[in-house]
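Everything below concerns the one structure shown next.
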Amino acid sequence: MNKGSAQMTAHGILKEYFGYDSFREGQEELIQDILSGRDVLGIMPTGAGKSLCFQVPAMIFDGVTLVISPLISLMKDQIHALTQSGVPAAFINSSLTDRQISKALNNARNGAYKLIYIAPERLLSGEFLSFAQAANISMLAVDEAHCISQWGQDFRPSYTQIPEFVAKLQIRPVVSAFTATATPRVKEDIAAKLEQKNPTVLVSGFDRPNLFFDIKHPHDKFSALAEFLSDKRDRSGIVYCATRATVESVCEKLNQAKHNASRYHAGLADSERRENQDDFLHDRVQIMVATNAFGMGIDKSNVSFVVHYNMPKDLEGYYQEAGRAGRDGEPANCLLLYSKGDVSTNLFLISDEQQNLNRLQEMERFCTTSDCLRQFILNYFGESAKTENCGNCTNCTNCETAFEIADITIDTQQIISCVIRMKERFGTRILVDVLRGKRNAKVLNFGLDKLSTFGINNKSAAHLGEIINHLINENYLVKTAEKFPIIKRGTRAKEALSPDAQIFMKAKPQAMRLQSDKKYAARQSTLRPVNTALFAALKALRLEIANEQGLPAFVIFHDSTLTDMCLKLPSTPEEFLNVSGVGGVKAEKYGAKFLKKIGEFIADALEANISPTPPPDFDSSKIETLAENITVSILADKINCHLIECGYDKITGRRINDWLVSKGHMAIISKGTKTAKTPTEEGAILGITTETREIRGESTQINLFNENAQKYVVTNVQEIVNFSP
Ligand code: ADP
Ligand code: MG
């Protein structure tokens with residue numbers, strides 16, 4: 001261990017080894033408490049950065065930190081990542097031979113490591129215990145600490161041996177514990193079972209601001225998936241399906257559609273599962289199609305989307321799976337493809353316990369609500385959302401444009417009357433059939449075609465279903481939580497039937513209901529706009545380096561780090577160190593290679609006369625260019641639409657012209673007392689032409705931009721914005 005680090009501050013370590021400028025929410029508090037010798041329990045969502053909370057103090061403590069981790073794959077990834085960053089660390093688990101273990105422990109005795117990751121089963125083994133009793137252990141960090149609780153989902157009996165191990169040490173180390181999933185009961189259980197002493201308990205918010213939540217109700221799920229994937233060719237993601245059979249068919253269809261997909265479910269041989277998982281981790285396949293068996297222990301940071309092809313059985317599972325997207329803090333997409341059939345599948349899969357049925361019902365409510373999805377999730381987990389409109393879920397981004405407020409008073413009254421006449425004995429489907437006047441066997445058998453409400457409403461079944469869901473959410477109706485739920489009157493039913501009742505619903509307009517998903521796609525959160533060619537080049541370089549060392553690419557640099565390189569375009573080693581995620585060791589190892597690539601790119605770009613840096617949040621590819629010839633003011637309008645969206649001031653046509661003059665594409669000529677700008681020879685080559693038109697009785701010369709000329713202006717918008725004439 002280099003001697004300097006004992007004097008380094010937590011911030012210094014963060015920057016020097018991990019390459020980050022600031023701590024995230026909760027990290028610094030936990031680290032300071034640990035350093036002051038206090039036990040801590042950190043409950044933070046997936047991707048929040050729990051590892052740094054024990055890795056940073058481990059670097060500052062004199063002794064060694066033992067990290068208890070439940071999974072070999074997790075340990076491996078973390079050790080690779082740490083050693084890449086220059087942190088001396090090792091793991092001890094069953095993937096090593098006895099000889100390798102003895103060797104590692106020998107190194108440890110000589111102070112070779114600051115962190116040792118170990119499986120809980122091994123703590124009390126003779127060899128390890130005698131090492132530990134003689135060693136200077138500063139901290140015991142328990143990762144995935146919920147494994148110690150029987151109330152949690154992944155109880156691991158070996159975790160309960162931890163206190164016994166601690167008791168056998170000469171000096172009690174700081175005991176820190178971390179988990180993403182803890183209900184209040186599990187939280188207390190962790191601290192008690194670990195015998196933590198007066199721990200600081202820090203629960204950081206469950207919100208994951210970088211995730212965009214989207215729910216669609218498509219007629220054809222596969223087409224919806226294909227459409228979603230169409231602009232994500234170079235991004236990694238997971239597609240979760242409810243059953244093995246669905247995994248098989250979706251994976252096959254994706255591969256037929258020339259996607260690079262693999263599969264994972266419990267029906268495959270261990271070896272194939274391992275291989276497929278490895279392919280995904282190492283970016284050899286882009287999409288993993290899997291059941292919920294896939295994911296525990298996947299620390300892959302650059303998963304940029306998670307699609308649920310089927311509705312999961314509860315929000316706990318949904319949020320945990322969706323949360324695997326965007327661990328690197330980059331904007332990521334979570335799309336859920338909902339269909340009625342998913343509810344039946346789940347009813348078949350879950351046991352009849354009331355608790356499960358309630359959870360399923362909440363899940364269904366989530367899929368059908370038109371309120372903020374983020375707020376819904378946070379409320380479900382007992383947290384209040386900061387705002388009513390998060391601006392980063394499909395319901396919030398669409399609420400102004402894609403929703404209309406519909407008056408559903410009459411529909412409501414018809415539905416409630418019908419429920420009453422049906423004696424509150426039937427479910428949604430048959431209620432809808434009666435309302436719509438369907439003479440099917442069930443309706444006829446029960447004589448429901450004789451009711452006065454039979455055939456009273458001619459809206460589509462889907463539309464009526466949406467209204468009924470809304471009425472359930474608003475307590476006008478109740479849906480019983482049973483295997484075959486029944487619709488009854490809710491507490492507000494009476495209110496709805498009063499003559500002056502007025503009931504409204506935020507609804508998708510008719511056209512949208514038919515799932516024209518294109519409009520939605522455009523509004524999804526996008527990644528920070530970077531030059532895609534440069535990003536691809538840096539990614540290729542990263543893969544080359546990773547392959548040379550047999551490591552997953554994200555261990556070399558995260559996607560977010562490559563993105564930051566594209567934005568900062570460093571040209572010196574110092575500037576390279578300013579890139580988020582680049583610490584001293586990685587800068588030394590890889591700086592030269594990446595700087596060379598970036599340098600080459602800038603040179604090419606300059607030669608091609610393309611501006612390499614778009615302003616932040618600005619994506620010139622979003623500006624529409626037209627195949628026809630247009631005037632400079634129309635061109636300015638097109639550009640301004642996007643500038644305003646990104647929070648920039650508008651530019652004028654005149655500014656564009658002045659800039660073109662400065663570039664030599666236009667020239668100022670005087671015509672009597674007036675001056676005008678006309679294209680130079682160069683401008684003409686670019687695609688600017690002049691035309692004489694009659695404007696207000698005067699013949700005026702106007703300049704027209706063909707598509708090529710439009711594109712030239714559009715790619716250089718940043719320069720034009722910053723241009724001073
Ligand atoms: P968790 O264990 O809480 O799920 P990790 O510890 O795996 O999360 O961290 C998730 C990602 O966040 C990692 O890629 C890590 O490098 C990154 N990260 C952690 N802390 C910071 C920070 N302060 N600044 C920037 N990135 C961070
Ligand atoms: Mg973790």
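Residue numbers (my numbering): 1 to 725. Quick reminder that beta carbons are idealized off the backbone N, C-alpha and C, glycines included.
- Ranking N457, S69, F557 by CA distance to the CA of Q413 puts N457 first.
- In this structure, E548 has its CB at a distance of at least 8 angstroms from all heavy atoms of the ligand MG.
- Taking C-beta separations shorter than 8 angstroms and ignoring five residues to either side along the sequence, the partners of I644 in its chain run K650, following chain order.
- When only Cα atoms are considered, K76 and F91 end up about 7 angstroms apart.
- Judged by their CB atoms, F504 and D407 are nearer to each other than the 9 angstroms cut-off.
- Taking all protein chains shown into account, T692 has fewer than 16 neighbouring C-beta atoms within 10 Å of its C-beta and is therefore exposed.
- Spanning the alpha carbons of S94 and L30 requires a straight line of approximately 31 angstroms.
- Here DSSP, grouped into helix, strand and coil, assigns S230 to coil.
- Per DSSP, C334 lies in no alpha helix (DSSP H) segment; the continuous beta strand (DSSP E) that holds it begins and ends at 332–337.
- Beta-bridge pairing by DSSP links A462 to no other residue.
- Only buried fits F705, as 16 or more other CB atoms lie within 10 angstroms of its CB.
- When beta bridges are read from the DSSP output, D407 appears opposite F504.
- The region 27–43 and the region 174–181 touch, with three or more beta-carbon pairs separated by less than 8 angstroms.
- In terms of side-chain proximity, the C-beta atom of M8 is found no nearer than 8 angstroms to any non-hydrogen atom of the ligand ADP.
- With a 10 Å radius around the Cβ and a threshold of 16 neighbouring Cβ atoms, H265 comes out buried.
- Here the alpha carbon of A261 sits roughly 22 angstroms from the alpha carbon of T532.
- With distances taken between CA atoms, F446 lies nearest to F426 out of V432, F426, A462, S460.
- In terms of Cβ geometry, K114 and A89 form a close pair [threshold 9 angstroms].
- Annotation for E719: the continuous alpha helix (DSSP H) segment containing it runs 717–722.
- Approximately 7 angstroms separates the beta-carbon atoms of Q286 and H259; this is inside 8 angstroms, confirming the contact.
- Under the three-state reduction of DSSP output, N657 falls in the helix class.
- Rounded to the nearest angstrom, the gap between the Cα atoms of F23 and L140 is 22 angstroms.
- As a beta-bridge residue in DSSP terms, Q701 pairs with T692.
- Going by DSSP, P57 is part of the alpha helix (DSSP H) stretching over 50–60.
- Using a 10 angstroms sphere on the CB of R274, the tally of other CB atoms stays under 16, which defines it as exposed.
- DSSP lists no bridge partner for K193.
- In this structure, I377 is the residue among G267, T345, I377 with its C-alpha nearest to the C-alpha of C393.
- For L140, the enclosing beta strand (DSSP E) starts and ends at 137–142.
- Judged by DSSP in its simplified three-state form, A290 adopts strand.
- Pairing G465 with E495, the inter-Cα distance amounts to about 21 angstroms.
- Annotation: K488 to S351 spans about 24 angstroms, alpha carbon to alpha carbon.
- About 44 angstroms separates the beta carbons of G583 and S223, which is beyond the 8 angstroms limit, so they are not a contact pair.
- Taking 8 angstroms as the upper bound for CB-CB distance, V434 and L477 are not in contact here, some 15 angstroms apart.
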